Each structure stands twice: as structure tokens, then as C-alpha cells.
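Participant: Sequential numbering from 562 applies to the sequence shown in the working numbering. Sharing a structure, written as C-alpha cells. Questions coming.
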Amino acid sequence: MSSDSANRDLAPLIALMETEALQRGEFTLASGKKANYYLDCRRVTLHPKGACLIGRAMLDVVLANAKESGVMPAAVGGMAIGADPITASIVTLAGGDDVDLKGFMVRKEPKGHGMGQQVEGPVTPGQKVVIVEDVITSGGSALKAVEAVQAFGLEVQYVLAIIDRLAGGAEAFAQKGLELKTLTTIRDFGLEP
Numbered sequence: 562m563s564s565d566s567a568n569r570d571l572a573p574l575i576a577l578m579e580t581e582a583l584q585r586g587e588f589t590l591a592s593g594k595k596a597n598y599y600l601d602c603r604r605v606t607l608h609p610k611g612a613c614l615i616g617r618a619m620l621d622v623v624l625a626n627a628k629e630s631g632v633m634p635a636a637v638g639g640m641a642i643g644a645d646p647i648t649a650s651i652v653t654l655a656g657g658d659d660v661d662l663k664g665f666m667v668r669k670e671p672k673g674h675g676m677g678q679q680v681e682g683p684v685t686p687g688q689k690v691v692i693v694e695d696v697i698t699s700g701g702s703a704l705k706a707v708e709a710v711q712a713f714g715l716e717v718q719y720v721l722a723i724i725d726r727l728a729g730g731a732e733a734f735a736q737k738g739l740e741l742k743t744l745t746t747i748r749d750f751g752l753e754p
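See below:
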């Protein structure tokens, strides 16, 4: 796992997440694990300033990785509904920067009507993509997105998340041959896993 928090000034994003998304108490996470804090990232991904900060930081990671690897992904996307505002922010800023980066979404289940697709958007089999996610705990949700896009015929370059709770997600991706890149980790908020 690589965290890019040391590579750029993410202080405004971290501050916004602390005031808008971080809640303390007793919570059950999507992974089924219990936690004494919860990050409701939708409160930031759907916030005007948060959407810009996240979109810009993630687009910067995508562009830096493309420059380093020589391979620009065709699209970014992830599991509906959590990844949808992240995807929209990234592709909106990419369009404003004249960067050809499209978006897609992954339904939890294939549609029961129409074309019956699970992966929606302007992507075609054989293209390279990046899976985006808000919070990584065990990696389960993003791994479901990976499986769906691979079944569709897309090649996943890596997974990019806002925050890693440092609870085994990076290891789960590594077992699948994927790298997890994150903007922040839970330690950026003064918390331990």
C-alpha cells in the first residue's frame, strides 16, 4: 500500500474530513468489524469543497502514476453508490484539464432489464481502469468491483482510495496482485487501526 499523504498538502482535505466525516462511538462497519470511530465519507465526497479536494488529489495520483508507468487508464470508477461521487469529481476535473479520462460505475448486481449490465459507462473490454473507493477496511467492496470489471473484460491497474483504515485491505489486494494507493491513512487523523 502506498499513501500519498506525505507527497502533497492534504491538510485541507484532512481537516474537512475531521469536521464532516469522522464520528466517534460504537459502529459496525460494512466488513462486519466493530470500530470506535466511523468515517462517513459521503459527507465529504458530496460536499462542494470536499468533492474538489478529493477529485483533484485523486486525479493527481492517476496522472502521476500514468507518467511513471507510461500507461494512462481509460477510466476510473467503482462500486455504486459510494464511488459514484468520487468518479464524478475526478472525471469533471479531468475534463476541465482536457484529460481524456472517463468514468464508470459498478452495480451491486447486474441490471434485471435493458442490457442487463453490471458495469455501466463508456468503457469497452480490454481497457485499463482504476478502481476508486472512499474507505478501505478489509477491501471487500472494492474487490467486488474488481471482480465485476474483470468479468466485463477490463484490466484493473490499481485501487485508489481516500483513506485506508489499515485493517487488512492492502494485503487483500496484494493477494489478488493489485496495489492499493491511498490519499490518507487512519494515522493521518491521529487514530490507530
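We treat Cβ as the ideally placed atom computed from N, Cα and C, and that holds for glycine. Please read all numbers here as calculations on a predicted model, not as lab measurements.
Would you list, in sequence order, the uninterrupted alpha helix (DSSP H) runs of no fewer than 4 residues that lie entirely inside the region 674-722?
Facilitator: Whole alpha helix (DSSP H) segments, 4+ residues: 701-713.
Participant: Between residue 644 and residue 689, how many whole angstroms is the CB-CB distance? I'm expecting something under 8 angstroms.
Facilitator: A Cβ-Cβ distance of about 17 angstroms is found for the pair residue 644 and residue 689, leaving them out of contact under the 8 angstroms criterion.
Participant: Hey, is the region 726-738 in contact with the region 689-705, meaning 3+ C-beta pairs nearer than 8 angstroms?
Facilitator: A contact is defined here as three or more CB-CB pairs under 8 angstroms, and the region 726-738 meets this definition with respect to the region 689-705.
Participant: In the DSSP assignment, find the unbroken alpha helix (DSSP H) run with residue 628 in it and report its ends.
Facilitator: 609-630
Participant: Using DSSP with H/G/I as helix, E/B as strand and the rest coil, what is residue 660?
Facilitator: coil
Participant: Closer than 7 angstroms by C-beta to residue 684: which residues in its own chain qualify, once you throw out the five before and the five after it? Chain order, please.
Facilitator: Counting only residues of its own chain and dropping the five nearest sequence neighbours on each side, residue 684 has a CB closer than 7 angstroms to the CB of 635, 636, 663, 665, 690 and 715.
Participant: Taking the alpha carbon of residue 578 as the point to measure from, which residue in 612, 658 and 596 has its own alpha carbon closest?
Facilitator: 612
Participant: Going by the CB atoms, is the gap between residue 575 and residue 749 shorter than 9 angstroms?
Facilitator: Note that the C-beta distance between residue 749 and residue 575 is below 9 angstroms.
Participant: Considering only the beta carbon of each residue, do residue 602 and residue 692 sit closer than 9 angstroms?
Facilitator: Their beta carbons are not under 9 angstroms apart, which means residue 602 does not touch residue 692 by this criterion.
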